[in-house]
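Asker:
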Amino acid sequence: MTRADSHRAVEAVWRIESARVIATLARMVGDVGLAEELAQDALVAALEEWPRKGVPDNPGAWLTMTARHRAIDQFRRRDTYQRKLQQIGRDMELRQESAAAELDDALDDHIGDDLLRLIFTACHPELPVEGRLALTLRLLGGLSTAEIARAFLAPEPTVGQRISRAKRTLADKKIPIELPPPAELPARLASVLEVIYLIFNEGYAASSGDDWARPSLCQEAMRLGRVLAGLMPAEPEVHGLLALMEIQASRIPARTAPDGTPILLPDQDRSRWDRLLVRRGLAGLHRAEQLGTLGPYGLQAAIAACHARARTPQATDWARIAALYRLLSHLTPSPVVELNRAVAVGMAHGAERGLEIADALLDSRALRDYAHLPAVRGDLLARLGRADEAAAEFRRAAELTRNARERELFLRRAAGLD
Amino acid sequence: MRYLVTLKVTAQPDGPPPADLMEAIMKLGQEATESGALLDTSGLAPSSEGARVEISGGRLIVSDGPFAEAKEMISYALYEVRTKEEAVEWASRFVRLHRDLWPGWEGEADVLRLFGPADFAPPA
């Protein structure tokens, strides 16, 4: 093995093990930032030692043990300092013993709980959203600051600051590294799911790009979703979110033309959809349905599944999609959901009915500058034979959109109607 | 990136695999699933229960197993990982279990990348 090879081998182990190592350490030292530093120190030690001596048989345990020794050193130093300060030797000895017992205990198989605690801490609502995203990718994804910066198209120092500020906030506000109490669980879980879905969408929005770093966020989000599904197997929304991401990601190979133009769902070559992801997504949705009532993510997965099951666009069960959007609208009322419902109703029950729903949104402040409102209305008007009005709507959509590719698409539709 | 890892055995002691090994394999599989890397896996029945369909000299020939090769394929695993090294690491852990828990066992795991969207230019 060359030096570069062994370096990459250590990195691979780090990616597999880092979240669990950090999670175990966080429980031992009660501080996420310190846990991560200790784990990083262990990684540096591994990079020095493994290329010479070979990768140990249980590399995760090696990393944890190495970091643990450093933690004990730190405890000792701190204890020595306190002894000098307070001159109470006996107290220190006791505390050192209990610290050692605690450390041993931490190496038992609490790993699942430790990981879950770390996820809930990284996604704590006290942190700003960017802080949550960066910290989650750093602590749970094992990504470097440079990799995160590249993925979010942000300068590296900015991301570094977000991470250190998030760690400091956790420490300053004395946020305990623990599972949320049952009463808080729904809200706290919602924050975790939101972070994972934001990571996914950040990648999905860019999945046509040349840079691997951004599309790989989709992979990372799905991986986090799978980890969470393993840790919280009884939560329907966890399976719902994973299913939603998998079904959406299944379309990545089909959603862009060679020149980068987006290909809309009805025009996609369905044979290019990733069948493994479709199958996994449908299975995950089924699990979510069996576990209880579908939440917002489960419902969105169910809608995506209607498309995934249709072999041709014509075979799409639009009536079911319209009904699911109605449920989603009840659960999370939003003009964007209503607009999607207008599309589905327009397909299922005629353009006229769809247009009624879309027209009701014309006064919505939230959609005032939203290009898709005129685009949807343009489509429905065109189907009703009102070509002039439709063309005007598409031109308005073209004015509103900030995406050059979309603008072309809308202008083409308008020109086709003139 | 997706990798298919196929496990082939070249030599193994008589008798069924030790219970310890089977338990360790289960545990590793669970670990790989929970870490989000393992998408699918299964053991394979002996090729004596399978068949081979081949084209030779323009003829299609179907023959029942067992196949004549010295190496019998006994399982496969499908991983979704970020680097080849990660797939190699999972494969190493898997074969190491065989070495440690079934003395006399010899075999090999092939780590093969599956083509993904990036490998194909979309149709013009």
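In order, the protein sequences belong to chains A and B.
Residue numbering for the first sequence follows full-length UniProt numbering, beginning at 1 and increasing consecutively.
Residue numbering for the second sequence follows full-length UniProt numbering, beginning at 1 and increasing consecutively.
Even for Gly, the Cβ is constructed at its ideal location relative to N, Cα and C.
From a predicted model like this one, the values you see are computed outputs, not experimental measurements.
1. Is it a yes or a no for the stretch 7 to 15 of chain A touching the stretch 41 to 58 of chain A, going by three-plus beta-carbon pairs under 8 angstroms?
2. Taking the beta strand (DSSP E) that residue 108/B belongs to, which residues open and close that run?
3. Would you please verify whether the beta carbon of residue 57/A is less than 9 angstroms from any beta carbon of chain B?
4. By a C-beta neighbour count over all protein chains shown, 10 Å radius and 16 as the cutoff for buried, is residue 64/A buried or exposed?
5. Counting pairs of beta carbons, one from the stretch 254 to 273 of chain A and one from the stretch 218 to 233 of chain A, are three or more of them closer than 8 angstroms?
6. Taking Cβ-Cβ distances below 7 angstroms as the criterion, which residues of the stretch 22 to 34 of chain B are in contact with chain A?
7. Under 8 angstroms, with one C-beta from each stretch per pair, do the stretch 299 to 308 of chain A and the stretch 238 to 256 of chain A reach the 3-pair mark?
8. What residues from chain B crowd round residue 230/A, counting only those whose CB sits closer than 9 angstroms?
9. Determine the direct distance from the alpha carbon of residue 80/B to that of residue 37/B, and round the result to whole angstroms.
10. Run through chain A and tell me which residues come within less than 7 angstroms of residue 86/B, C-beta to C-beta.
11. Please tell me whether residue 69/B has its Cβ less than 9 angstroms away from any Cβ of chain A.
12. Enumerated in chain order, which unbroken segments of the alpha helix (DSSP H) with a length of 4 residues or greater are wholly contained in the stretch 256 to 282 of chain A?
13. Would you identify the three-state DSSP class for residue 144/A, choosing helix, strand or coil?
14. Tell me the DSSP secondary structure of residue 197/A in three-state form.
15. Name the chain A residues that come within less than 9 angstroms of residue 83/B, Cβ to Cβ?
16. CB-CB under 7 angstroms to residue 426/A, same chain, minus the five flanking residues each way: which ones, in chain order?
17. Would the beta-carbon of residue 3/B fall within 9 angstroms of that of residue 78/B?
18. Would residue 90/B count as contacting chain A if we go by Cβ distances under 9 angstroms?
19. With a CB to CB cut of under 8 angstroms and the five nearest residues on each side skipped, what residues in its chain are close to residue 69/B?
20. For residue 282/A, return the contacting residues in chain B, with the cut-off set at a CB-CB distance below 7 angstroms.
21. For residue 113/B and chain A, any beta-carbon pair shorter than 9 angstroms?
22. Could you give the first and the last residue of the continuous alpha helix (DSSP H) run that contains residue 4/A?
23. Compute the Euclidean distance between the alpha carbons of residue 3/A and residue 226/A, then round it to the nearest angstrom.
Answerer: Taking the definition as stated:
1. yes
2. In the second sequence, residue 108/B corresponds to position 108, counting from 1. Counting along the chain, residue 108/B sits inside the beta strand (DSSP E) bounded by residues 106 to 113.
3. Here residue 57/A is taken as the residue at index 57 of the first sequence, counted from 1. Answer yes: the Cβ-Cβ gap between residue 57/A and chain B drops below 9 angstroms somewhere.
4. Translated into the one-based positions of the first sequence, residue 64/A becomes position 64. So residue 64/A ends up on the buried side.
5. no
6. 33, 34
7. yes
8. Taking the first residue of the first sequence as 1, we reach residue 230/A at position 230. Per Cβ cutoff of 9 angstroms: 30, 33, 34, 35, 36.
9. In the second sequence, the residue the question calls residue 37/B occupies position 37. In the second sequence, the residue the question calls residue 80/B occupies position 80. Straight-line Cα distance between these residues: approximately 5 angstroms.
10. Within the second sequence, the letter at position 86 stands for residue 86/B. Near residue 86/B (Cβ distances below 7 angstroms), the residues of chain A are 12, 15, 16.
11. In the second sequence, residue 69/B corresponds to position 69, counting from 1. It does not: the Cβ of residue 69/B has no partner Cβ on chain A nearer than 9 angstroms.
12. none
13. Taking the first sequence and counting its residues from 1, one reaches residue 144/A at position 144. It is coil, neither helix nor strand.
14. The residue given as residue 197/A occupies position 197 in the first sequence. Three-state result, residue 197/A: helix.
15. The count along the second sequence starts at 1 and reaches residue 83/B at position 83. Residues of chain A passing the Cβ test: 8, 11, 12, 15.
16. Beyond the ends of chain A as shown, which are 1 and 418, falls residue 426/A; an answer cannot be given.
17. Residue mapping note: residue 3/B aligns to position 3 of the second sequence, counting from 1. Residue mapping note: residue 78/B aligns to position 78 of the second sequence, counting from 1. Taking C-beta atoms as the reference points, residue 3/B and residue 78/B count as a pair closer than 9 angstroms.
18. Numbered from its first residue, the second sequence carries residue 90/B at position 90. For residue 90/B, the answer is yes, since a Cβ of chain A falls inside 9 angstroms of its Cβ.
19. Stepping through the second sequence from its first residue, residue 69/B is reached at position 69. Closer than 8 angstroms at Cβ, skipping near neighbours: no residue.
20. Indexing the first sequence from 1 puts residue 282/A at position 282. What residue 282/A touches in chain B: nothing, since even the nearest Cβ is about 14 angstroms away.
21. Working through the second sequence from its first residue, we reach residue 113/B at position 113. Judged by the 9 angstroms Cβ criterion, residue 113/B is not in contact with chain A.
22. As a working mapping, residue 4/A is identified with position 4 in the first sequence. Residue 4/A -> alpha helix (DSSP H) spans 3 to 29.
23. Here residue 3/A is taken as the residue at index 3 of the first sequence, counted from 1. Here residue 226/A is taken as the residue at index 226 of the first sequence, counted from 1. The alpha-carbon atoms of residue 3/A and residue 226/A are separated by roughly 33 angstroms.
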